[in-house]
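The structure under discussion appears below in the form of structure tokens.
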Amino acid sequence: PRSADAEADASPATILHEVFGYAQFRGAQADIVDHVVAGGDALVLMPTGGGKSLCYQIPAIARQRAGRGVSIVVSPLIALMHDQVGALHEAGVSAAFLNSTLDWEQTQDVERRMLRGEITLLYAAPERLNTPRFLSQLDSLHERGKLSLFAIDEAHCVSQWGHDFRPEYRSLTVLHERYAGVPRIALTATADDLTRADIVERLQLEEARQFVSSFDRPNIRYSIVEKKEATTQLLRFIEREHEGDAGVVYCQSRKRVEDVAATLKDAGINALPYHAGLDAAVRQKHQDRFLREEGVVMVATIAFGMGIDKPDVRFVGHLDMPKNIEGYYQETGRAGRDGLPADAWMVYGLQDVVNQRRMIDESPAGEEFKQVMRGKLDALLSLAEASDCRRVRLLGYFGEVYAGPAAGPPQGGPAPLGGSEPRAAGSVGATCGNCDNCLNPPQVWDGTDAARKLLSTVYRVNQHSGISFGAGHIMDILRGKATEKVKQFGHERISTFGIGAEFSEVQLRGVLRQLIATGALAVNAEAFNTLQLTDGSRAVLKGETTVRLRESVSSPAERKPRRER
Ligand code: ADP
Ligand code: ZN
Numbered sequence: 007p008r009s010a011d012a013e014a015d016a017s018p019a020t021i022l023h024e025v026f027g028y029a030q031f032r033g034a035q036a037d038i039v040d041h042v043v044a045g046g047d048a049l050v051l052m053p054t055g056g057g058k059s060l061c062y063q064i065p066a067i068a069r070q071r072a073g074r075g076v077s078i079v080v081s082p083l084i085a086l087m088h089d090q091v092g093a094l095h096e097a098g099v100s101a102a103f104l105n106s107t108l109d110w111e112q113t114q115d116v117e118r119r120m121l122r123g124e125i126t127l128l129y130a131a132p133e134r135l136n137t138p139r140f141l142s143q144l145d146s147l148h149e150r151g152k153l154s155l156f157a158i159d160e161a162h163c164v165s166q167w168g169h170d171f172r173p174e175y176r177s178l179t180v181l182h183e184r185y186a187g188v189p190r191i192a193l194t195a196t197a198d199d200l201t202r203a204d205i206v207e208r209l210q211l212e213e214a215r216q217f218v219s220s221f222d223r224p225n226i227r228y229s230i231v232e233k234k235e236a237t238t239q240l241l242r243f244i245e246r247e248h249e250g251d252a253g254v255v256y257c258q259s260r261k262r263v264e265d266v267a268a269t270l271k272d273a274g275i276n277a278l279p280y281h282a283g284l285d286a287a288v289r290q291k292h293q294d295r296f297l298r299e300e301g302v303v304m305v306a307t308i309a310f311g312m313g314i315d316k317p318d319v320r321f322v323g324h325l326d327m328p329k330n331i332e333g334y335y336q337e338t339g340r341a342g343r344d345g346l347p348a349d350a351w352m353v354y355g356l357q358d359v360v361n362q363r364r365m366i367d368e369s370p371a372g373e374e375f376k377q378v379m380r381g382k383l384d385a386l387l388s389l390a391e392a393s394d395c396r397r398v399r400l401l402g403y404f405g406e407v408y409a410g411p412a413a414g415p416p417q418g419g420p421a422p423l424g425g426s427e428p429r430a431a432g433s434v435g436a437t438c439g440n441c442d443n444c445l446n447p448p449q450v451w452d453g454t455d456a457a458r459k460l461l462s463t464v465y466r467v468n469q470h471s472g473i474s475f476g477a478g479h480i481m482d483i484l485r486g487k488a489t490e491k492v493k494q495f496g497h498e499r500i501s502t503f504g505i506g507a508e509f510s511e512v513q514l515r516g517v518l519r520q521l522i523a524t525g526a527l528a529v530n531a532e533a534f535n536t537l538q539l540t541d542g543s544r545a546v547l548k549g550e551t552t553v554r555l556r557e558s559v560s561s562p563a564e565r566k567p568r569r570e571r
């Protein structure tokens, strides 16, 4: 065996230098490594690109060198296992994986080496820890004092509140119950308070020390613009700011993925589609091209991305809104892993709100679950509607008070992360200077009056006709347009006809969107998307709630180009 591991110096700093070739630990890494080397349990929350792998790889090597045997890394992604094991081999570390890609002989070979204690890091899929065969092998190691450490990567997969629930993760409590003395480190790049609490409970990490890094990705510029002609907006955005760059564009449906990829291709952009409906071979081919070629734009559903480690993704676009902020953070986080400037760009409109609400309403889940999902959606909607710093809001959602940009521009790697407790109070009203709202503060106007006029129009129209109508029709009445349909229903005789004539259609659409986003107006999906008042309408109608709205956001083409080309 090529064991650089045996008999060598077991100090973490030495391993960092000699095995990985790095000069210094980053952020909380040193504390985490010390804690785990000493046998403590840990829960590590660190953003993508923050350097989670070393947090368990170095303890694994240190403990192997100290004679403690094999570390088991639980990972849900086969591609990621292969990458990591490959990289460890190159660094001279004895690592292997057990998963469905191995044939019987290869599996037995890995098992034998593991049982002899020759492997430092063994990567395994979570379902393997359910098999009696694997557990009895771990028992054997454990009895001989050669079971060193468990690392549970992508730990949010244990939570149904997370965006990537994997039931197999639930059975990982076996680690704690069966091998009580063996330290465990769980890691994730995404976890709001609810998910974090769920991880602690599900994996029984109550005693573990929590290491929470700042989730800020200072090199990512966040922009959320109003959706008009989404595909055209995207095209303009790419042509203007990211010509020839690699990027990922997320769409909701497979059909839309195909359409958008085709449109981009027609415009001369090297775009490829990716969704679960494509042949596995085609998906693999597109993924390979994305990783290997320069400047490929992957147009994809959320089926694409997890475990794809491409450092120079210069932009992530969303043509449809994700389900919640965790999803948004995770997906946008795939941009700029190399620390260089990158864009997170999303178009968002009324239809997104309606679609997401409907998906929750129509899902077969229980009422409690739906309530949680609605709350999470609302948080994302208020991020989208915000007229103040997006970064402050985004980090605020993860419980972090943003204290302003770190000194100096981001350089060739993610900015240093804070220590283990960076969530100290920041200055109130901090801004990042690197989001659309900071760079181009939007005009804000008081939409309270418009909102009241809109709601009373809905009320009167429904009263008048005994049925409800859609947004377009309501806006026509408000603006005093006597269309065929208006005349047909006699709606030009309603007292609110034309009372909103001073507002532009864009303004009214913004009002409508915000009313729906905040639940003061409902869209009835079962009745042709017609508008209905809710309990929340009353406060607005009575003037108890003010409605503050951003003016229509300028389209990217109207923005100043960021870089000289
Ligand atoms: P994560 O899993 O948190 O997304 P990785 O473990 O993949 O992040 O690390 C991201 C990148 O940063 C990798 O290329 C890794 O080699 C590098 N890296 C991690 N820690 C350090 C360090 N202390 N010094 C220099 N580079 C580091
Ligand atoms: Zn900002």
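Taken in order, the sequence shown gives residues 7 to 571; the numbers are from full-length UniProt numbering. Each residue gets a CB set at the ideal place from its N, CA and C atoms; glycine is no exception.
Burial state of residue i, where buried means 16 or more other Cβ atoms lie within 10 Å
i	result
T502	buried
E564	Residue placement at E564 is poorly supported in this model, since its pLDDT is 38, which falls under 50; the coordinates still yield a value, given next. With fewer than 16 other Cβ atoms within 10 Å, it is exposed.
S543	buried
V288	exposed
R397	buried
W457	A small correction: the amino acid at residue 457 is Ala; Trp does not occupy that position in the sequence shown. It is buried - the Cβ of A457 has at least 16 other Cβ atoms within 10 Å.
T524	buried
A197	buried
L297	exposed
D541	exposed
A545	exposed
W110	exposed
K233	buried
Q239	buried
E475	Position check: residue 475 holds Phe in this sequence, whereas Glu was assumed. Answer is buried; the Cβ neighbour count reaches 16.
Q494	exposed
E337	buried
A48	buried
D482	buried
H479	buried
R184	exposed
Boundaries of the beta strand (DSSP E) in which residue i is found, first to last residue
i	result
I78	76 to 80
A277	277 to 280
I191	190 to 194
Q494	Unbroken run through Q494 is the alpha helix (DSSP H), 490 to 494; no beta strand (DSSP E).
Q216	215 to 218
T536	536 to 539
F103	101 to 104
Per DSSP, the bridge partner or partners of residue i
i	result
A451	Position check: residue 451 holds Trp in this sequence, whereas Ala was assumed. Bridge partners of W451: L555.
W351	S229, G323
G253	V303, F321
F310	Its beta-bridge partners do not exist; DSSP assigns none.
A48	I191, R215
C441	Y228
CB-CB length for residue i against residue j, believed under 8 Å
i	j	result
A371	A409	The pair is not a contact, with the Cβ atoms about 38 Å apart (cut-off 8 Å).
A72	A16	5 Å
I500	R466	5 Å
F217	I38	5 Å
L514	L484	6 Å
L209	I244	The Cβ separation is near 41 Å, so there is no contact.
P347	S393	Rounded, the Cβ-Cβ distance is 23 Å, inconsistent with contact.
D349	E247	7 Å
P132	Y175	5 Å
L445	A477	Not really, about 31 Å apart at Cβ, beyond 8 Å.
Y129	V76	Wrong, their Cβ atoms sit about 11 Å apart, outside the cutoff.
G242	G339	First, the residue type needs correcting, since residue 242 is Arg and not Gly in the sequence shown. Actually they are not in contact, since the Cβ atoms of R242 and G339 sit about 24 Å apart, beyond 8 Å.
Residue span of the alpha helix (DSSP H) that contains residue i, given as start and end
i	result
F375	373 to 391
S142	138 to 149
residue 606	Limits of the chain in this structure are 7 at one end and 571 at the other, which puts residue 606 out of reach.
I331	331 to 338
S154	No alpha helix (DSSP H) contains S154, which is instead part of the beta strand (DSSP E) from 153 to 158.
N530	Element bounds for N530: not the alpha helix (DSSP H) but the beta strand (DSSP E), 527 to 530.
F296	286 to 298
D204	199 to 208
H497	Premise fails: H497 is in no alpha helix (DSSP H) and is neither H nor E.
Q239	236 to 247
T20	18 to 24
T107	Looking at the DSSP string, T107 is not in any alpha helix (DSSP H), and its letter there is neither H nor E.
N361	356 to 368
P65	58 to 71
Proximity test, Cβ basis, 8 Å: residue i and chain D
i	result
G542	Included in the structure is just one protein chain, with no chain D present.
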